[in-house]
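J.: Residue numbers (this note's numbering): 33 to 308.
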Amino acid sequence: MYPMEELAPIVGRLADRYCAYESSSVTYERAEQLMGAVLYCIHEAESAGSEMAAAAVAAKGISAKQAYEIGAKLVKQKTKQALELYNQLMLDFDWYGSRCLHDTMVKGMPEFFKWYDCQMEPQNTILTLDYPVLRDLSKFTGIDRIAAFLECIRLEQKFFGRFPKDYVRAVLAGHNGMYEERMENICENVLMSVLEHILVRRPLSEWKLGEEDHLKLQAICGQTDEKGIRELLEDAAAALATEYFDGDEELSAYLKEATGGMAVRWKHAVNEIICA
33 MYPMEELAPI VGRLADRYCA YESSSVTYER AEQLMGAVLY CIHEAESAGS EMAAAAVAAK
93 GISAKQAYEI GAKLVKQKTK QALELYNQLM LDFDWYGSRC LHDTMVKGMP EFFKWYDCQM
153 EPQNTILTLD YPVLRDLSKF TGIDRIAAFL ECIRLEQKFF GRFPKDYVRA VLAGHNGMYE
213 ERMENICENV LMSVLEHILV RRPLSEWKLG EEDHLKLQAI CGQTDEKGIR ELLEDAAAAL
273 ATEYFDGDEE LSAYLKEATG GMAVRWKHAV NEIICA
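#1: Since alanine 96 and tyrosine 34 are thought to touch, with beta carbons under 8 Å apart, how far apart are those beta carbons, to the nearest angstrom?
#2: Of the residues Thr59, Gln65, Val70 and Glu289, which one's Cα is nearest the Cα of isoleucine 42?
#3: Taking the beta carbon of aspartate 168 as the centre, do at least 16 other beta carbons fall within 10 Å, making it buried, or is it exposed?
#4: By DSSP, does threonine 291 sit in helix, in strand, or in coil?
#5: Measure from the alpha carbon of glutamate 183 to the alpha carbon of each residue in Tyr72, Lys110 and Met36, then state which is nearest.
#6: In whole angstroms, give me the CA-to-CA distance for aspartate 267 and arginine 234.
#7: So, with DSSP's three-state summary, where would you put glutamate 61?
#8: Tell me whether aspartate 149 is buried or exposed, calling it buried when 16 or more other Cβ atoms sit within 10 Å of its Cβ.
#9: How far does the alpha helix (DSSP H) with glutamine 98 in it reach, from first residue to last?
#10: Report yes or no: do three or more beta-carbon pairs, one from the segment 126–138 and one from the segment 155–166, lie closer than 8 Å?
#11: Please state whether the Cβ-Cβ distance between lysine 197 and tyrosine 128 is less than 8 Å.
#12: Could you give the first and the last residue of the continuous alpha helix (DSSP H) run that contains arginine 177?
#13: Taking just the CA atoms, how far does threonine 274 sit from alanine 295?
#14: For alanine 202, name the three-state secondary structure that DSSP assigns.
The following block contains the structure:
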């Protein structure tokens, strides 16, 4: 962390721009916001710049002003790239009936890019991002969170794109007839169905599993603990990525992030059946 005597002049220059170089002073709350903007940009320089720049910032080999300027440029660049990704996604975007996904992407995201201030308040995410993705994004704010969220949506759309749209909707409706109004990740529900088919060696064309298939799943889950179930699901997800997505490692890693929750639910369901 740079000392306050180096950070304060940067905040002062931002305050001057905010006031359009008039004599009026900023409030304490606004000063806090501007300090947050400076720290956000410096953090960008530390974590997302070139290796040489990041090392220089981490070692305090450059001034706070230089670190801030590097980070500010990176924020602008990341914002431009995120907007380009969003526009690309929307060319063939499908929300598969999920109102939450639709409203987040179609209604909310344009508002972010309309109001995001990468100079005065880059740390402000603006959106609540109500649609839950499979990856934990809680450590991110501002454009970092938006960019990470859009990358998750890109991977989900790629996953969905491998299957007929009617198949996706049928699986979602079979999981929950009210899925359109629920604030849940629809990718996880389709993934669960696909992994179930892989584990019982049932063709995906037969999207609805029979009683014999469910008994096989119960037997598989009953023979191991949650960790073992998760490992089985991770292996199945890796096999899925290899067979259907040319071994896409990014997609495989993303899908695997859902397997922990799946394993807990599957084991809980089996225990309830055993105890019934």
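Note that beta-carbon positions come from the ideal geometry of N, C-alpha and C, so glycine has one too.
T.: According to the structure data:
#1: That pair is a contact at about 4 Å.
#2: Ranked by Cα distance from isoleucine 42, the first of Thr59, Gln65, Val70 and Glu289 is Val70.
#3: It counts as exposed.
#4: Helix.
#5: Just measuring C-alpha positions, the residue of Tyr72, Lys110 and Met36 sitting nearest glutamate 183 is Lys110.
#6: Answer to the nearest angstrom: the Cα atoms are 16 Å apart.
#7: Helix.
#8: Counting C-beta atoms within 10 angstroms of its own C-beta, aspartate 149 has fewer than 16 neighbours from the protein chains shown and is therefore classed as exposed.
#9: Taken as a continuous stretch (DSSP letters only), the alpha helix (DSSP H) holding glutamine 98 covers 96–121.
#10: Taking a cut-off of 8 Å for Cβ pairs, the segment 126–138 and the segment 155–166 touch, as three or more such pairs fall below it.
#11: When the beta-carbon positions are compared, lysine 197 and tyrosine 128 come within less than 8 Å of each other.
#12: 174–193 is the extent of the alpha helix (DSSP H) around arginine 177.
#13: Taking C-alpha positions only, alanine 295 is separated from threonine 274 by approximately 21 Å.
#14: Alanine 202 falls in the helix class under three-state DSSP.
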